[in-house]
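S.K.: The structure under discussion is supplied below as C-alpha coordinates; questions concerning it will follow.
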Amino acid sequence: MDGDVAIVWDEERTQGDWQLTGNGELLTAPQLETAVLVSLFTDTRADENDALPAGTTDPRGWWGNALGEPIGSKLWLLRRAAHLPDTLRRAERYIREALAWLVEDELAARIEVETRWVGATRMAASITIHQGEGREAALRAEWAWQGI
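What follows is the structure, given as C-alpha coordinates:
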(Lines of atoms letter the chains of each structure in order from A and count residues from 1; the text may use other names and numbers.)
(Lines give C-alpha, C1' and ligand atoms only; values in the text may rest on other atoms or scores of the structure.)
Protein backbone atom coordinates (compact mmCIF):
# COMPACT_ATOMS: atom_id res chain seq x y z
CA MET A 1 0.00 0.00 0.00
CA ASP A 2 1.45 3.36 -1.05
CA GLY A 3 -0.54 5.48 1.36
CA ASP A 4 -3.12 5.84 4.06
CA VAL A 5 -6.50 7.48 3.91
CA ALA A 6 -5.65 11.17 3.63
CA ILE A 7 -6.55 13.53 6.42
CA VAL A 8 -7.20 16.84 4.70
CA TRP A 9 -6.78 19.76 7.10
CA ASP A 10 -9.40 22.51 6.88
CA GLU A 11 -7.72 25.65 8.25
CA GLU A 12 -10.96 27.62 8.50
CA ARG A 13 -12.80 24.96 10.51
CA THR A 14 -9.56 23.84 12.25
CA GLN A 15 -10.25 20.17 11.75
CA GLY A 16 -9.16 17.30 9.60
CA ASP A 17 -11.48 15.12 7.55
CA TRP A 18 -11.41 12.48 4.83
CA GLN A 19 -12.16 13.38 1.22
CA LEU A 20 -13.44 11.45 -1.76
CA THR A 21 -11.78 11.51 -5.15
CA GLY A 22 -13.75 12.23 -8.32
CA ASN A 23 -14.53 8.53 -8.72
CA GLY A 24 -15.89 8.16 -5.17
CA GLU A 25 -12.86 6.51 -3.58
CA LEU A 26 -11.16 7.81 -0.47
CA LEU A 27 -8.27 10.15 -1.18
CA THR A 28 -4.93 8.74 -0.06
CA ALA A 29 -1.78 10.42 1.24
CA PRO A 30 1.74 9.28 2.06
CA GLN A 31 1.80 7.28 5.28
CA LEU A 32 4.28 9.70 6.86
CA GLU A 33 1.94 12.66 6.31
CA THR A 34 -0.96 10.82 7.95
CA ALA A 35 1.24 9.76 10.88
CA VAL A 36 2.34 13.37 11.47
CA LEU A 37 -1.22 14.73 11.42
CA VAL A 38 -2.44 12.05 13.83
CA SER A 39 0.55 12.72 16.10
CA LEU A 40 -0.04 16.47 16.16
CA PHE A 41 -3.81 16.70 16.35
CA THR A 42 -4.62 13.85 18.72
CA ASP A 43 -4.63 15.17 22.29
CA THR A 44 -2.19 13.42 24.58
CA ARG A 45 -2.75 13.47 28.32
CA ALA A 46 -1.24 16.37 30.25
CA ASP A 47 1.38 15.52 32.84
CA GLU A 48 0.75 16.39 36.48
CA ASN A 49 3.13 19.37 36.23
CA ASP A 50 1.54 20.80 33.05
CA ALA A 51 -0.53 23.95 33.54
CA LEU A 52 -4.00 23.33 32.11
CA PRO A 53 -5.75 26.11 30.16
CA ALA A 54 -7.62 28.54 32.42
CA GLY A 55 -11.06 27.30 33.37
CA THR A 56 -10.33 23.63 32.68
CA THR A 57 -9.50 20.68 34.90
CA ASP A 58 -9.54 17.90 32.29
CA PRO A 59 -6.05 16.52 31.49
CA ARG A 60 -7.55 15.05 28.31
CA GLY A 61 -5.80 12.26 26.49
CA TRP A 62 -6.88 9.72 23.93
CA TRP A 63 -8.42 6.54 25.32
CA GLY A 64 -6.21 4.42 23.05
CA ASN A 65 -3.11 5.56 24.93
CA ALA A 66 -4.08 3.15 27.72
CA LEU A 67 -3.46 0.28 25.28
CA GLY A 68 0.18 1.01 24.58
CA GLU A 69 2.63 3.72 23.66
CA PRO A 70 0.95 7.14 23.92
CA ILE A 71 0.38 9.17 20.76
CA GLY A 72 -0.61 12.77 20.31
CA SER A 73 0.56 16.20 21.32
CA LYS A 74 0.07 18.77 24.02
CA LEU A 75 -0.75 21.53 21.54
CA TRP A 76 -4.22 21.68 23.10
CA LEU A 77 -2.59 23.15 26.24
CA LEU A 78 -1.97 26.35 24.26
CA ARG A 79 -5.68 27.02 23.77
CA ARG A 80 -5.72 30.05 26.08
CA ALA A 81 -2.01 30.86 26.15
CA ALA A 82 -0.92 34.44 25.58
CA HIS A 83 0.24 35.59 22.14
CA LEU A 84 3.92 35.61 23.19
CA PRO A 85 7.25 34.22 21.96
CA ASP A 86 7.12 31.71 24.84
CA THR A 87 3.91 30.27 23.41
CA LEU A 88 5.71 29.64 20.12
CA ARG A 89 8.57 27.94 21.98
CA ARG A 90 6.11 25.71 23.83
CA ALA A 91 4.37 24.84 20.54
CA GLU A 92 7.71 23.88 19.01
CA ARG A 93 8.55 21.72 22.05
CA TYR A 94 5.14 20.00 21.94
CA ILE A 95 5.54 19.29 18.22
CA ARG A 96 9.03 17.85 18.73
CA GLU A 97 7.75 15.65 21.59
CA ALA A 98 4.81 14.41 19.50
CA LEU A 99 7.05 13.50 16.57
CA ALA A 100 10.01 12.09 18.54
CA TRP A 101 8.76 8.55 17.91
CA LEU A 102 9.64 8.96 14.22
CA VAL A 103 13.32 9.24 15.13
CA GLU A 104 13.09 6.59 17.86
CA ASP A 105 11.52 4.14 15.38
CA GLU A 106 14.13 5.12 12.74
CA LEU A 107 11.55 6.46 10.30
CA ALA A 108 13.39 9.79 10.35
CA ALA A 109 16.99 10.78 10.94
CA ARG A 110 16.03 14.16 12.38
CA ILE A 111 13.15 16.62 12.50
CA GLU A 112 13.25 20.41 12.14
CA VAL A 113 10.41 22.55 13.47
CA GLU A 114 9.80 26.27 13.08
CA THR A 115 6.76 27.98 14.61
CA ARG A 116 5.39 31.44 13.88
CA TRP A 117 2.33 33.62 14.28
CA VAL A 118 0.29 34.13 11.10
CA GLY A 119 -2.19 36.64 12.43
CA ALA A 120 -3.88 37.32 15.72
CA THR A 121 -5.68 33.98 15.90
CA ARG A 122 -3.46 31.58 13.99
CA MET A 123 -0.24 29.78 14.71
CA ALA A 124 1.68 27.85 12.08
CA ALA A 125 4.51 25.35 12.05
CA SER A 126 6.86 24.31 9.28
CA ILE A 127 8.09 20.77 9.82
CA THR A 128 10.86 19.12 7.84
CA ILE A 129 11.42 15.43 8.37
CA HIS A 130 14.83 14.25 7.20
CA GLN A 131 14.65 10.57 6.35
CA GLY A 132 18.28 10.09 5.42
CA GLU A 133 19.96 9.54 2.06
CA GLY A 134 18.88 13.04 0.96
CA ARG A 135 15.18 12.29 1.36
CA GLU A 136 13.01 14.73 3.25
CA ALA A 137 9.35 15.53 3.67
CA ALA A 138 8.29 19.11 4.25
CA LEU A 139 4.93 19.65 5.91
CA ARG A 140 3.10 22.76 6.97
CA ALA A 141 0.56 22.75 9.75
CA GLU A 142 -1.59 25.73 10.58
CA TRP A 143 -4.26 25.86 13.21
CA ALA A 144 -6.48 28.36 14.93
CA TRP A 145 -5.35 29.38 18.35
CA GLN A 146 -7.47 30.97 21.03
CA GLY A 147 -5.50 33.21 23.34
CA ILE A 148 -6.45 35.01 26.50
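Residue 140 in the numbering used here sits at position 135 of the sequence shown; the count goes up by one each step and never skips. Glycine residues also receive a C-beta, built at the ideal position from the N, C-alpha and C atoms.
Between V13 and W23, what straight-line distance do the alpha-carbon atoms span, to the nearest angstrom?
M.R.: Distance between the alpha carbons of V13 and W23 is about 6 Å.
S.K.: Should A87 go down as buried or exposed, given a rule of 16 or more other Cβ atoms within 10 Å for buried?
M.R.: Exposed, since its Cβ has fewer than 16 Cβ neighbours within 10 Å.
S.K.: What first and last residue would you give for the alpha helix (DSSP H) that runs through D91?
M.R.: Start and end: 90-109.
S.K.: Measure the beta-carbon distance from L45 to L80 and round it to whole angstroms, keeping in mind my assumption that it falls under 8 Å.
M.R.: Right, the Cβ-Cβ distance comes to about 7 Å (below 8 Å), so this counts as a contact.
S.K.: Nearest by alpha-carbon distance to L112: which of D48, G69, E141 is it?
M.R.: Here the closest residue by C-alpha is E141.
S.K.: Within its chain, find whatever has a CB closer than 6 Å to the CB of G77; leave out the 5 residues flanking it on each side and keep chain order.
M.R.: For G77, where only same-chain residues beyond five positions count, the Cβ hits under 6 Å are T47, D48, T49, W67.
S.K.: Taking 8 Å as the CB-CB limit, is L72 close to chain D?
M.R.: Going by chain labels, chain D is absent from the structure shown, which holds only one protein chain.
S.K.: Going by alpha carbons, who is nearest to E53 out of L104, L93, R65?
M.R.: Out of L104, L93, R65, R65 has the C-alpha closest to the C-alpha of E53.
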